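Engineer: My structure is below; once you've seen it, I'll send some questions.
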Amino acid sequence: MRNLLISFAKAVCLTGLLLLACCSDNNDKAKQQPVPFINQDRFGRFDSIGNLGGKPVSIPDGVVLHWVRYVGDPGDFDASKKAQKYKRPPITYQLPIESFGLLYRLTDGALMSYKEQTEIDYLHDNKTLIPKGEPFPWGYTIVYNLYSPKQLKTFNRWFNDILESSKESWDFEYSKQPNKVFGLTYYQANNGIDPSTNQPWTDNIAGRDLYIYRDSNNNIKTLILCDTVGQVQSCHHDFFVSNTPVKVSMSYDRTYLKLWRQTEKNIAAILDSWVVTNDGKLIKKQAGKV
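Per our numbering, the sequence shown starts with residue 32, numbered consecutively.
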């Protein structure tokens, strides 16, 4: 009996030692996993990091609307069991970003950043300009990472779909206009004549003005749809960032359509300012960070 108890005690001790060894081994592995260096702003807020367009980026926390979404993240309203069990991989400079939002000021290329003067400006413009129906200089902007080779890099198909759907769903056609507008090829909705005025219809919300820009390979890289009715007319502006697999979608007051080319250049420069080294060291001054 005594020998049996001794054997049992030895087995318990051995099991304990093995468990300790496993814990120690796991702790050693955890220590070996490098924690990425993350930049901060003057308020101590950490940047959002990841990979955008194949490059490591460090995005100032103050400029991001809501949060940065990473590839594989469930949708905001996804209540499935799969979404509830989802565990995001550790965030590193190699983890591909899917999308994030910004507020961009078209008049000077500034970004709205929380706790900074630009937030005060944005709130002031909301309070004073919108109630009066005056041009609102801020554009809601979403940046999309084209992380898959299967993702389209032109708007050729979308453009053709717009032309086809206008005929099939709304019974009108787009006609190419002879003169460009601000360097954009202009297509006007030919949606019939208003018998009361003998002029083209102006109250068809589906017949938005269509503008495109083609690159040297005749691929559509910019596509803009602008309202033609309403007291406040807006434009939905989509473009691909040059030489980078990134797409940008913007919505802003039609007054600022004339700034489309400079806007694209400014957005590209902003994104480039967030590119960092593989270990997170800054290369340029970050746009949106004081």
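Virtual Cβ for every residue (Gly too), placed ideally from N, Cα, C. Keep in mind that this is a model prediction, so the values were computed, not measured.
#1: If you compare alpha carbons, which of R136, G164 and E165 is closest to I151?
#2: Could you give the distance in angstroms between the alpha-carbon of R119 and the alpha-carbon of P127?
#3: Nearest by alpha-carbon distance to R344: which of Y242, G132, V321 and I298 is it?
#4: Please classify L183 as buried or exposed, where buried requires at least 16 other C-beta atoms within 10 Å of its C-beta.
#5: Candidates L254, V306, S79 and W169: which alpha carbon is nearest Y283's?
#6: Out of N250, D104, T259 and V263, which has the shortest C-alpha to C-alpha gap to S273?
#7: So what does DSSP say about N176, is it helix, strand or coil?
#8: Compute the Euclidean distance between the alpha carbons of G238 and R245, then round it to the nearest angstrom.
#9: I'd like the ranges of any alpha helix (DSSP H) spanning at least 4 consecutive residues and lying wholly in the segment 236-304.
#10: CB Q219 to CB L241, shorter than 9 Å?
#11: Identify the residues that DSSP records as bridge partners of K207: which are they?
#12: Using a Cβ-Cβ cutoff of less than 8 Å, which residues in the same chain neighbour P166 once the five nearest sequence positions on both sides are dropped?
#13: Return helix, strand or coil for K316, following the three-state DSSP convention.
#14: Output the distance between the C-alpha atoms of L134 and P91, rounded to the nearest integer angstrom.
#15: Thinking just about the alpha-carbon of each residue, which of G75, N297, L83 and Y117 is nearest to the one in S179?
#16: Per DSSP, which residues does N82 bridge with? Please list them.
#17: Flag this pair as touching only if the segment 63-77 and the segment 110-119 have three or more C-beta atom pairs under 8 Å; answer yes or no.
#18: Just to confirm, are I301 and M281 a CB contact at a threshold of 9 Å?
#19: Taking the alpha-carbon of G319 as reference, which of G103, P87, D139 and M143 has the nearest alpha-carbon?
#20: Which residue or residues does DSSP assign as beta-bridge partners of Q148?
#21: What three-state label does DSSP hand Y153 in the structure shown?
#22: By Cβ distance below 6 Å, which residues in the same chain neighbour K289 in space, the five residues on each side in sequence not counted?
#23: Can you tell me which of the three DSSP states F77 falls into?
Structural biologist: If we stick to the structure as given:
#1: Mapped onto the sequence shown, residue 151 falls at position 120. Looking at the Cα atoms, R136 is the closest of the given residues.
#2: In the sequence shown, residue 119 corresponds to position 88, counting from 1. In the sequence shown, residue 127 corresponds to position 96, counting from 1. Looking at the two C-alpha atoms, the distance is approximately 11 Å.
#3: Given a span of 32 to 321 for the chain in the structure shown, any question on residue 344 remains unanswerable.
#4: Position 152 of the sequence shown, counted from the start, is the residue given in the question as residue 183. When all chains shown are included, L183 counts as exposed.
#5: Your numbering for residue 283 matches position 252 in the sequence shown. Out of L254, V306, S79 and W169, W169 has the C-alpha closest to the C-alpha of Y283.
#6: The count along the sequence shown starts at 1 and reaches residue 273 at position 242. The shortest C-alpha separation from S273 is found at N250.
#7: Here residue 176 corresponds to residue number 145 of the sequence shown, with the count starting at 1. Reduced to three states, the DSSP call for N176 is strand.
#8: Working through the sequence shown from its first residue, we reach residue 238 at position 207. Working through the sequence shown from its first residue, we reach residue 245 at position 214. Approximately 22 Å, taken between the alpha carbons.
#9: 291-304
#10: Position 188 of the sequence shown, counting from 1, holds the residue named residue 219. Position 210 of the sequence shown, counting from 1, holds the residue named residue 241. Cβ distance < 9 Å, so Q219 and L241 count as in contact.
#11: To locate residue 207, count along the sequence shown from 1; it is residue 176. Bridge partners of K207: Y218.
#12: Translated into positions along the sequence shown, residue 166 becomes position 135. L160, D284, T286 and Y287, listed in sequence order.
#13: The sequence position of residue 316 within the sequence shown is 285, counting from 1. K316 falls in the coil class under three-state DSSP.
#14: Counting from one through the sequence shown, the residue named residue 134 turns up at place 103. Counting from one through the sequence shown, the residue named residue 91 turns up at place 60. Taking the straight line from one Cα to the other gives about 13 Å.
#15: By 1-based counting over the sequence shown, the position of residue 179 is 148. Looking at the Cα atoms, L83 is the closest of the given residues.
#16: The sequence position of residue 82 within the sequence shown is 51, counting from 1. BP columns for N82 point to P87 and P127.
#17: no
#18: Walking along the sequence shown from the start, residue 301 turns up at place 270. Walking along the sequence shown from the start, residue 281 turns up at place 250. Not closer than 9 Å, so no.
#19: On the sequence shown, position 288 is the one that residue 319 refers to. The candidate whose alpha carbon is nearest that of G319 is M143.
#20: Residue mapping note: residue 148 aligns to position 117 of the sequence shown, counting from 1. Answer by DSSP bridge pairing: none, since Q148 is not bridged.
#21: Taking the sequence shown and counting its residues from 1, the one referred to as residue 153 is at position 122. Helix.
#22: Along the sequence shown, read from residue 1 onward, the residue named residue 289 stands at position 258. Same-chain partners within the cutoff: F213.
#23: Within the sequence shown, numbered from 1, the residue matching residue 77 stands at position 46. It is a strand residue.
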